[in-house]
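Q: Once you've had a glance at the structure underneath, I'll fire off some questions.
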Amino acid sequence: GCWSYLGRTGNRQQISLKSQGCLFTDIVQHEVLHALGFHHEHVRSDRDDHVEINFDNIQPGMEHNFQLSPTNNLGTP
3 GCWSYLGRTG NRQQISLKSQ GCLFTDIVQH EVLHALGFHH EHVRSDRDDH
53 VEINFDNIQP GMEHNFQLSP TNNLGTP
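Encoded structure:
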């Protein structure tokens with residue numbers, strides 16, 4: 003599948019683009035940003051300044067996917 007660990011982990015940074023559907027520019031950019039340490043917009047520490055989450059639409063048991071992370075956003079919106 004398409005994935006990367008978040009930020010540097012050890013001596014190597016692994017990015018998986020093994021599926022044919024991963025070889026699109028936006029997917030590659032997405033995984034490289036994860037490798038560089040960027041989080042998804044919906045968990046950034048400044049999320050509520052930029053995104054409105056409708057918590058009523060979150061499936062029961064999936065709320066943990068929307069918990070804020072203590073991120074350094076490097077001045078990016």
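Heads up, the sequence shown is in the numbering used here, so the first residue is 3 and it goes up one at a time.
Backbone N, C-alpha and C define an ideal beta-carbon position, used for all residues, glycine too.
It should be emphasised that the depicted structure is a prediction, and the values quoted were computed from it without experimental measurement.
1. What separation, rounded to the nearest whole angstrom, lies between the Cα atoms of Arg-49 and Asn-74?
2. Please report the residue range of the alpha helix (DSSP H) in which Leu-19 lies.
3. Using the Cβ count rule (16 or more neighbours within 10 Å means buried), how would you classify Asn-10?
4. So Gln-31 is in the alpha helix (DSSP H); what residue range does that whole segment cover?
5. Got a sec, what are the start and stop residues for the beta strand (DSSP E) Cys-24 sits in?
6. Comparing C-alpha positions only, which one of His-36, Cys-24, Phe-68 and Asn-59 sits nearest to His-44?
A: Short version:
1. Answer to the nearest angstrom: the Cα atoms are 12 Å apart.
2. From DSSP, Leu-19 is part of no alpha helix (DSSP H) but of the beta strand (DSSP E) over 17-19.
3. The displayed chain sequence assigns Arg, not Asn, to residue 10. With fewer than 16 other Cβ atoms from the protein chains shown falling within 10 Å of its own Cβ, Arg-10 counts as exposed.
4. In the DSSP annotation of this structure, the continuous segment of the alpha helix (DSSP H) that includes Gln-31 starts and ends at 27-37.
5. For Cys-24, no beta strand (DSSP E) segment is defined, and its DSSP state is neither H nor E.
6. When each option's Cα is compared against that of His-44, the closest is Phe-68.
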